[in-house]
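Residue numbers (our numbering): 2 to 324. Glycine included, C-beta positions come from ideal geometry on N, C-alpha and C. Remember, predicted model here, so these are calculated numbers, not experimental data.
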Amino acid sequence: MPEATQPQHRIGDAPRPPRTVRRLATPLTPEPGEWLQTALSRWAFDVYKCSRRDLLEALGMGTLHSTEIHGLGVALRPETAETISAASGIPFVQLYAMTQSMRDRATWASFTDIVRDGYVPFEERGLDSDPLYREVIHKWCPDCLHELPGVHLMMWRHPWMHICLKHSRVLATSCSACGEQPRIPLGRTVQEWDPRTCPNRIQGVECAELLSQAESSRVKDDGILYAAQVRMLALARSNDPHHRRRMYDLAHRIEEVQELSNETIASLTGLDVNTIRRLAPRHLEKGDYVRHLETFTVLASAAYILESTHRPFSLEVLRREWT
């Protein structure tokens, strides 16, 4: 018997109407703050012992274009959210909170405009990019994954999120075993993946190292790096156009900061100068910030402090602004 031909889906193809979707036998329950894409993988592996492809089919996603499947963690069409909600029992609004669209205050119409204009909607976004560009490189807090195995948070996808504020730790971006950036499954994959582990295949063998074992630096929760991270996230979340402009200016100031001397950056961030000298790499190419998150953490904090030097700057000033 010949193999069945894969249907040629188009962007904009509708999901199965909610009224025709059967409710799953076991309801799906997201953890607070969980990202939709890795939640789908977790439910497939832990709850239904199946592949992502099988779970997506059961959720009524069988007719969606692969681009939309890859973007489920970025934006949800209303029809898509209704279909997933009907099958899973997850409230409509809660599904939106699991995507970047609520974080970026963007709509599905914005997403389709990007596609219509010929842009690739799922390439690496820059720090000053328009909304609805997903971060290609996965970031995570090893301590968070140790406490809630397999639960990856949506906020880790934020381009300005580089320190876990709960554990005062720089987010990890590479596996401690294979040394590579984990290639998180986003499509209709048939291979089962445990989101506790690294999905990379090395010479045909799955790595499967626990992501909670990854290495990353810790920061002082009463230091400048931590406080600057808090303020940058507050600015990024703000509806104030002035705050948005500050973030745009900050993105460009990082390039200037890396040309400063080690001693100057050390004085701005409160770090020992030898810590600055040990940064590898010391300079970042444009678009490479997330590949070298420890360097970015230092440069972004120094840039924020310089951007705020319209008045005498000190850690006490930063703390007052933070609180």
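- Ranked by Cα distance from L149, the options A40, Q230, A26 and A228 are led by A40.
- In the structure shown, R158 falls within a helical segment according to DSSP collapsed to helix, strand and coil.
- The C-beta of Y290 has 16 or more other C-beta atoms within 10 Å across all chains shown, which makes the residue buried.
- When DSSP reads this structure, L211 sits in a beta bridge with T198.
- Beta bridge pairing from DSSP links I164 with V171.
- Under the DSSP definition of a beta bridge, R219 partners with R170.
- Judged by their CB atoms, I266 and A229 are not nearer to each other than the 7 Å cut-off.
- In this structure, the straight-line span from the alpha carbon of L56 to that of E193 is close to 11 Å.
- One thing to note: M248 has its Cβ no nearer than 7 Å to the Cβ of Y305.
- No residue range can be given for S177, since it is assigned to no alpha helix (DSSP H) and is classified by DSSP as neither H nor E.
- Separation of the CB atoms of E308 and R246 is rounded to 11 Å, and the pair is thereby denied contact status at 8 Å.
- Assigned with DSSP and collapsed to three states, I255 falls in helix.
- Around the beta carbon of E260, fewer than 16 other beta carbons lie within 10 angstroms, which makes this residue exposed.
- Around the CB of S89, 16 or more other CB atoms lie within 10 Å, so the residue is classed as buried.
- DSSP places E35 in the strand class (E or B) of the three-state scheme.
- Between the alpha carbons of P31 and H71 lies a gap of roughly 19 Å.
- Excluding sequence positions up to five before and after P19, its CB lies within less than 6 Å of the CB of E83, T84 and A87, all in the same chain and listed in chain order.
- Listed in chain order, the alpha helix (DSSP H) elements of length 4 or more contained wholly in the stretch 63-101 are 67-71, 79-89 and 93-98.
- According to the DSSP secondary-structure assignment, V206 is paired through a beta bridge with I203.
- When the Cα atoms are used, E216 and C165 turn out to be separated by approximately 13 Å.
- In the DSSP assignment, I185 falls outside any alpha helix (DSSP H), carrying neither H nor E.
- The straight-line gap separating the alpha-carbon atoms of N201 and L212 is approximately 11 Å.
- Boundaries of the alpha helix (DSSP H) around E295: L294 to E308.
- Residue burial is scored here from C-beta neighbours: A237 has at least 16 other C-beta atoms within 10 angstroms and is therefore classed as buried.
- Between the C-alpha atoms of S239 and G61 there is a straight-line separation of about 35 Å.
- Within the model, the alpha-carbon separation for R197 versus A252 is close to 32 Å.
- Secondary structure note for C145: its alpha helix (DSSP H) is the uninterrupted segment P143 to E148.
- For the pair C145 and Q101, the Cα-to-Cα distance works out to about 20 Å.
- The Cβ-Cβ distance between H168 and C142 falls below 7 Å.
- About 25 Å separates the CB atoms of R278 and I138; that is not less than 8 Å, and the two are not in contact.
- Counted as a single uninterrupted DSSP element, the stretch harbouring R24 is not any alpha helix (DSSP H), since DSSP gives it neither H nor E.
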